[in-house]
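J.: Right, I'll just put the structure down here and ask away after.
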Amino acid sequence: MEPIHPKLLLVATDFSAPATQALRYASALADRHGAQLVVVYADDFIPPLGEMPDDVRRRSTPIKDLVAAAHEQLVAHVEANVSSWVPFTVRVAVRGAAEAIVGAAKESKADFIVMGTHGRTGFRRLLVGSVCEAVVRTASVPVIAVSPLAAEHPEYDIRKIVCVVDYSAECAEALRVAAGLAPDARIVLVKPDDGERHPLDGDKLAQLRAWLPADLAARCEMRFAGAFTPENVATFAGLIGADLIAAGFTPRRGIGDVLLGTGTDRIVQHSECPVLVMNASALREQEVAAGVSCSCEA
């Protein structure tokens, strides 16, 4: 397949360590492909409940002054973490984070969203929510998510890609996009065997061939495993030294997904490398772009 060269990456930041690592990853990706960055910081600028001194001061400060201060901080933050060879612009959005990130990506016609995640689980996740998952669920472009674990092991060169085969169109497109970003990378497909003695008989082989993009077949190798959990996927990717995981978005199904995150979100939480995720909306946009025009050069 032809390489993919993104022109514009939208990076979301809240100045945290995972977000900073995601910004550095986006800088390296932009530098490699000759792309530019749009870096977004979103805040509704509503002080938290309580009357701590900083809260009182924030409550009495005009919004325009808070936005100006955030803009100044954002510029300094980007200059400290982005290569001097990568052009960038910054935006401060006065709205909810997920809504602002998805909206800014659409307005700027970004090719990818790159962002960090805090990996919240349990009741903390239920109360606070996951901005990363909300973006992955609603974005109309692929999302590259960077977990706190990935922040400890920065690897910017994509030499090996892992993809868990679920036969979804979203997963196939995530794999295609990941492979296009790294045309020389080795691809490892993981297929849960569900405990079967012969996990890839004639029918399943035909199903795999029909699902796998034909121009990627020569680059792929298949591994079989038991009933992989999302955490197993992340562990396996770490063991073989993967630099990127490609995944389709899996919608929520029950209370476990609310407390722990969806399967895709749990892969992101436990992965030591970035995860490229494609949802149904992003897939439709990719299909439209392929048929009409695309901001990614091939």
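When we follow our numbering, the leftmost residue of the sequence shown carries the number 373, and every step to the right adds one.
C-beta atoms are modelled at their ideal positions from N, C-alpha and C, and glycine is treated no differently.
Values in this document were obtained by computation on a predicted structure and should not be read as measured data.
Going along the chain, which residues of its own chain have a beta-carbon closer than 7 Å to the beta-carbon of A550, five neighbours each way excluded?
T.: These residues qualify, in order along the chain: I533, L616, A618 and L648.
J.: Given A469, which residues of its chain have a CB within under 6 Å of its CB, disregarding the five upstream and five downstream residues?
T.: For A469, where only same-chain residues beyond five positions count, the Cβ hits under 6 Å are A414 and V503.
J.: Taking all protein chains shown into account, decide if E451 is buried (16 or more other Cβ within 10 angstroms of its Cβ) or exposed.
T.: Result: exposed.
J.: Tell me, which residues are paired with C645 by DSSP?
T.: None; C645 has no bridge partner.
J.: Enumerate in chain order the residues of its own chain whose CB-to-CB distance from A402 is below 7 Å, with the five nearest sequence positions on each side excluded.
T.: Closer than 7 Å at the Cβ level, and outside the excluded window around A402, lie L381, Q408, L409 and V458.
J.: What number of angstroms, rounded off, separates the C-alpha of L632 from the C-alpha of R638?
T.: At L632 the pLDDT is 46, less than 50, meaning the model places this residue with poor confidence; the figure from the coordinates comes in the next sentence. Whole-angstrom Cα-Cα distance: 7 Å.
J.: Where do the ends of the alpha helix (DSSP H) carrying R656 lie?
T.: Segment A652 to G663, the alpha helix (DSSP H) holding R656.
J.: Would you identify the three-state DSSP class for G620, choosing helix, strand or coil?
T.: Three-state DSSP puts G620 in a strand.
J.: At a threshold of 8 Å, does Q445 count as lining the ligand HEM (C-beta to nearest heavy atom)?
T.: No copy of the ligand HEM appears in this structure; indeed no ligand is present at all.
J.: Closest to R581 by CA distance: which of L561, F484 and F600 is it?
T.: Cα-wise, what sits closest to R581 is L561.
J.: For D556 and L446, what's the separation of their Cα atoms in angstroms?
T.: Taking the straight line from one Cα to the other gives about 35 Å.
J.: Helix, strand or coil, according to DSSP, for A452 in the structure here?
T.: It is helical.
J.: The beta strand (DSSP E) that contains R531, what's its start and end?
T.: First-last for R531: undefined, no H or E at that position.
J.: Does the beta-carbon of F387 have 16 or more other beta-carbons within 10 angstroms, so that it is buried, or is it exposed?
T.: F387 comes out exposed.
J.: What is the DSSP secondary structure of E593, reduced to helix, strand or coil?
T.: The answer is strand: DSSP assigns E593 an E or B state.
J.: Quick one: grab the DSSP three-state call for T461.
T.: Three-state DSSP puts T461 in a strand.
J.: Would you list the residues sitting across from V474 in a DSSP beta bridge?
T.: Answer is none; V474 lacks a bridge partner.
J.: Tell me which same chain residues have a C-beta within less than 6 Å of the C-beta of V537, skipping the five on either side of it?
T.: Around V537: L561 and K563.
J.: If you draw a straight line from the alpha carbon of E505 to that of A614, how long is it in whole angstroms?
T.: So the alpha carbons of these two residues sit roughly 22 Å apart.
J.: Distance check for I473 and H449, CA to CA, integer angstroms please.
T.: Taking the straight line from one Cα to the other gives about 18 Å.
J.: Note down, in chain order, each residue of its chain lying with its Cβ closer than 8 Å to the Cβ of V546, except the 5 sequence neighbours on either side.
T.: Per the sequence shown, residue 546 should be read as Ala rather than Val. Hits under 8 Å: P514, C535, A618, A619, G620, L648, V649 and M650.
J.: Please list, in chain order, all residues of the same chain as A442 whose beta carbon is under 7 Å from its beta carbon, the five residues on each side excluded.
T.: The residues are Y413, D415 and V464.
J.: Please state whether the Cβ-Cβ distance between V508 and A522 is less than 9 Å.
T.: No, these two residues do not count as a Cβ contact at 9 Å.
J.: Taking all protein chains shown into account, do 16 or more other C-beta atoms lie within 10 angstroms of the C-beta of G406, making it buried, or fewer, making it exposed?
T.: Exposed: under 16 other Cβ atoms inside 10 Å.
J.: Between S540, I612, A597 and F600, which lies nearest to Q579 when the distance is taken from Cα to Cα?
T.: Looking at the Cα atoms, S540 is the closest of the given residues.
J.: Return the first residue and the last residue of the alpha helix (DSSP H) that F600 is part of.
T.: Where F600 is concerned, there is no enclosing alpha helix (DSSP H), given that its DSSP letter is neither H nor E.
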